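Okay, so here's the structure we're looking at.
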């Protein structure tokens, strides 16, 4: 435990990119200081004990009285069971993950990412995209390098997907002078055979961001929050044209406060931003929902719930009328931990988010920096992540987990 906290203290002093004071950042890239609050992997939080039930009336039911059946609970009561899949060919965290359907097969893809050093810095960054076919039973086939890599190494980026077009934006890249904050946008197109058709660099963003979310909604991309030298409230809106790289970016209404290392999802035509932290790496429990005018343009944000404790670097998944969060980290400073908690909340009729509660089947390991857990045919896929080894040092993992949802 003490070693874990020393590793965290070092991460708070040094950025995850560099610890020296030299300024050799490329002219078109903003310098970035990345601080990832890291701690030893903790077991999932215990579920709160149920309150004592009130005693039932002693009166027996009337003879032949009909008993109303409770409505089906559906996905809000779904159980989850995890199994190991084949590991990714390289360890990684800060990557992104997506699923693309073809005419005859469906595949899971993992793009970019880093291998962490023992202090949570960057040991290695990759441009590689790996692909594995999803079988009829949900299992994964062998991993292979995809036909095309990314144009450059990339990690800490946001990802959005509309059908078989995927966009990666912002984050961190690296060149001969070292890592730097990226303003790049990459468009990936998947062909009808569920293999990559094109990977191309688009025009750059107006500004960089590390650990943002990238969300698609109604013909627009929204790059939300993130960090530069500290968490930011920036929102960039990209109007999509006919070509994947035909994107016109402009500044949108800022978040109500700074937010980084958060998650986001879409429900009923609105964007939900949750988890993550603000200034000083203070976890922020507030859930924000986007507000739009009659044209669909973003006009602001409103608070619609809370998640407490607020996880950072978790992944969010909207399934029907439920909102799920997988893993990540919790706490601040020396009280920070990685968690394997899976938690779930239900959307109310007005779109507010009800209280979160842990799901019984936690992830097999506590891990953070897995920013997507895509869903296909009732199964959730979790790839890689950042963990602590037995000696208390930070490391990346190649492990893959497949979670099967069973709806009662």
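In the numbering used here, the protein residues as written are 278 to 685.
The beta-carbon is built from N, C-alpha and C at its ideal position, and this holds for glycine as well.
Note that the structure is a prediction, hence the values are computed from the model and not measured.
query                                                                                                                                  : result
Reduced DSSP secondary structure (H/G/I, E/B, other) of residue 353                                                                    : helix
Which of helix, strand or coil DSSP assigns to residue 612                                                                             : helix
Beta-carbon proximity of residue 539 to residue 556, cut-off 8 Å                                                                       : no
Coil, strand or helix - residue 557 by DSSP                                                                                            : helix
Distance, residue 671 Cα to residue 660 Cα                                                                                             : 17 Å
For residue 584, the nearest candidate out of 570, 571, 541 (CA to CA)                                                                 : 541
Under 8 Å between C-beta atoms of residue 513 and residue 552                                                                          : no
Given residue 572 as reference, the closest of 495, 680, 387, 478 once Cα atoms are compared                                           : 495
Unbroken stretches of the beta strand (DSSP E), 3 residues or longer, contained in the stretch 405-442                                 : 406-411, 435-439
Contacts around residue 239, its chain only, beta-carbon distance under 8 Å, and the 5 residues preceding and following it disregarded : There is no way to answer for residue 239, as the model of the chain reaches only from 278 to 685.
Limits of the unbroken beta strand (DSSP E) element including residue 472                                                              : Counting along the chain, residue 472 falls outside any beta strand (DSSP E), and DSSP gives it neither H nor E.
Cβ-based neighbour list, residue 645, same chain, cut-off 7 Å, excluding 5 preceding and 5 following                                   : 590, 604, 605, 606, 615, 662, 663
Alpha carbon of residue 371 to alpha carbon of residue 391, nearest angstrom                                                           : 6 Å
Simplified DSSP assignment, three categories, for residue 382                                                                          : coil
Residue 665, enclosing beta strand (DSSP E) - first and last residue                                                                   : 656-665
N- and C-terminal bounds of the beta strand (DSSP E) containing residue 575                                                            : 575-583
Short Cβ contact (8 Å threshold) for residue 678 with residue 640                                                                      : yes
Identity of the residues DSSP links to residue 361 by a beta bridge                                                                    : 678
Where residue 361 falls, given that 16 or more other Cβ within 10 Å makes a residue buried                                             : exposed
Backbone CA spacing between residue 570 and residue 558 [nearest angstrom]                                                             : 33 Å
Rounded straight-line distance, which links the Cα of residue 409 to that of residue 421                                               : 7 Å
First through last residue of the beta strand (DSSP E) which encompasses residue 369                                                   : Where residue 369 is concerned, there is no enclosing beta strand (DSSP E), given that its DSSP letter is neither H nor E.
At least three beta-carbon pairs within less than 8 Å, the stretch 424-436 to the stretch 393-409                                      : yes
Where the beta strand (DSSP E) through residue 516 begins and ends                                                                     : 512-517
Whether residue 444 touches residue 467 by CB criterion (8 Å)                                                                          : no
Buried/exposed call for residue 493, threshold 16 Cβ in 10 Å                                                                           : buried
Where residue 318 sits in the DSSP three-state scheme                                                                                  : Low local confidence applies: a pLDDT of 39 at residue 318 is under 50, so the model's placement there is unreliable, and no value is given.
Distance CB(residue 500)-CB(residue 446) smaller than 8 Å                                                                              : yes
Residue 620 and residue 595 closer than 8 Å at C-beta                                                                                  : no
Terminal residues of the beta strand (DSSP E) in which residue 598 lies                                                                : First-last for residue 598: undefined, no H or E at that position.
Separation of residue 433 from residue 394, as counted between CA atoms                                                                : 15 Å
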